[in-house]
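Novice:
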Amino acid sequence: MISILIPAYNNDVAQLVEILLHQAERSHFPFEMIIADDGSTENFEQNRLLNHKEHCSYFRFELNKGRTATRHWLANQAKYPWLLFLDSDVIPVNEDFYSNYISVIKNKIHCKVALGGYAYRKVSELNFNLRRQFGRKREEVPAQIRMKAPYRYVFSGNLLIDKVTFLACNPKDIEGYGLDLVLSGSLERNETSILHVDNPVYHDGLEDNKRFLSKCRQTAEQIIAFEQRGLVSASQSKLLATRQKIISKNLRLIIRSWLWLKMPFLKLILQLGIAPLFYLDFYKLYFSLSKK
45 MISILIPAYN NDVAQLVEIL LHQAERSHFP FEMIIADDGS TENFEQNRLL
95 NHKEHCSYFR FELNKGRTAT RHWLANQAKY PWLLFLDSDV IPVNEDFYSN
145 YISVIKNKIH CKVALGGYAY RKVSELNFNL RRQFGRKREE VPAQIRMKAP
195 YRYVFSGNLL IDKVTFLACN PKDIEGYGLD LVLSGSLERN ETSILHVDNP
245 VYHDGLEDNK RFLSKCRQTA EQIIAFEQRG LVSASQSKLL ATRQKIISKN
295 LRLIIRSWLW LKMPFLKLIL QLGIAPLFYL DFYKLYFSLS KK
């Protein structure tokens with residue numbers, strides 16, 4: 045029995061809902077679908093119509109609660125023991141997307157969390173190329189590889205999780221960027237069993253290059269604060285692992301100064317969407333080294 049939970053903000057979720065309803069109704073497996081609109085200023089009128097669909101409930105918050113608080117509210121509303129979280133800007137890749145997750149539950153595989161992963165479509169505009177390139181090379185990873193470092197690939201936009209586990213591990217009082225790492229850290233500290241499967245969704249909500257760079261900077265700075273609070277560790281993040289090695293060798297100031305000199309060039313070429321992805325790694329490393 046599954047509660048399908050969709051936190052929405054300014055996205056039209058009608059296509060996603062229709063696909064999920066079609067797949068779920070064929071499964072003959074008890075389900076419900078709850079959409080929580082987190083104070084959207086766009087598309088909420090269209091989304092409100094989903095209340096008229098069977099198995100589907102739509103709620104709209106007048107004020108924005110934030111990502112983690114909205115997810116926690118959805119989990120508390122859910123009546124079934126398994127939660128399927130899907131971001132509002134994703135679309136299942138396969139016709140058997142829902143049934144694949146049902147198989148995980150029916151086969152009683154020993155796990156509290158199952159992660160299907162992301163896929164990315166081609167984009168023709170260079171202005172969105174940086175986010176797509178990052179997604180294709182860092183997130184669109186086969187399950188076999190993800191299982192080798194299971195806590196490094198926790199993406200909550202396509203997440204099947206036991207309700208009790210989610211309510212215990214979700215960082216409900218924390219907002220900002222890098223929150224999937226915080227959830228991952230909580231799962232790891234609780235030694236939660238994770239299963240990675242090849243059951244992807246297309247992640248279509250791509251930020252443009254400039255906005256994605258800004259998000260990367262904030263994430264790089266935020267996860268240092270999370271690490272200092274004991275919420276994340278180097279085992280979950282290559283950025284944290286690299287930063288720790290640099291600091292242990294007393295190279296922080298030297299490398300930060302070198303990156304500072306390169307920063308105007310890095311920022312320019314990354315915004316153009318034509319840089320190799322390791323330039324983005326340098327960009328994030330600079331801001332992580334700038335935090336004490």
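One gets my numbering by counting positions in the sequence shown from 1 and adding 44 to each.
Ideal Cβ positions, reconstructed from N, Cα and C, are used throughout, including at glycine.
None of the values given here were measured: they were computed from a predicted structure.
Figure out for me which residue from 212, 260, 117, 221 has the closest Cα to the Cα of residue 157.
Specialist: Cα-wise, what sits closest to residue 157 is 212.
Novice: Buried or exposed for residue 45, please, with buried defined as at least 16 other CB atoms from any protein chain shown within 10 angstroms of its CB.
Specialist: It is exposed - the Cβ of residue 45 has fewer than 16 other Cβ atoms within 10 Å.
Novice: Report yes if the CB atom of residue 194 is closer than 8 Å to the CB atom of residue 132, and no otherwise.
Specialist: No, Cβ-Cβ distance for residue 194 and residue 132 is not below 8 Å.
Novice: Could you compute how far the alpha carbon of residue 238 sits from the alpha carbon of residue 200?
Specialist: Roughly 13 Å separates the two Cα atoms.
Novice: Apply the 10 Å Cβ neighbour rule to residue 47 and answer buried if 16 or more other Cβ atoms are within range, or exposed otherwise.
Specialist: Buried.
Novice: Based on Cα-Cα distance, which residue from 244, 276, 170 lies nearest to residue 190?
Specialist: Comparing Cα positions, the closest option is 244.
Novice: Tell me the DSSP secondary structure of residue 313 in three-state form.
Specialist: Three-state result, residue 313: helix.
Novice: Smallest Cα separation from residue 215: which of 115, 317, 130?
Specialist: Cα-wise, what sits closest to residue 215 is 115.
Novice: Look at the alpha carbon of residue 217 and the alpha carbon of residue 111, and state the distance between them as a whole number of angstroms.
Specialist: Straight-line Cα distance between these residues: approximately 10 Å.
Novice: Write down every uninterrupted run of the alpha helix (DSSP H) in the segment 63 to 109 whose length is 4 residues or greater and which is fully enclosed by it, in chain order.
Specialist: You should have 88 to 92.
Novice: Taking residue 186 as the reference, give the member of 310, 173, 163 with the closest Cα.
Specialist: Closest by alpha carbon: 163.
Novice: Could you give the distance in angstroms between the alpha-carbon of residue 61 and the alpha-carbon of residue 141?
Specialist: Their backbone Cα atoms lie some 13 Å apart in a straight line.
Novice: Report the CB separation of residue 310 from residue 323 in whole angstroms; it is logged as a contact under 8 Å.
Specialist: Sure, about 6 Å apart at Cβ, within 8 Å.
Novice: My parser needs the alpha helix (DSSP H) runs of 4 or more residues fully inside the segment 154 to 227; what are they?
Specialist: Counting only runs of 4 or more, we get 173 to 178, 187 to 190, 207 to 213.
Novice: For residue 125, which residues of its own chain have a beta-carbon under 7 Å away from its beta-carbon, when the five flanking residues on both sides are left out?
Specialist: Closer than 7 Å at the Cβ level, and outside the excluded window around residue 125, lie 45, 206, 207.
Novice: To the nearest whole angstrom, what separates the beta carbons of residue 231 and residue 276, a pair I think is in contact under 8 Å?
Specialist: Their Cβ separation, rounded to whole angstroms, is 11 Å, which puts residue 231 and residue 276 out of contact at 8 Å.
Novice: Check each candidate in 67, 235, 219 and name the one with the smallest Cα separation from residue 266.
Specialist: Among 67, 235, 219, the Cα nearest to that of residue 266 belongs to 219.
Novice: Quick one: grab the DSSP three-state call for residue 145.
Specialist: In the structure shown, residue 145 sits in a helix (DSSP, three-state: H, G or I).
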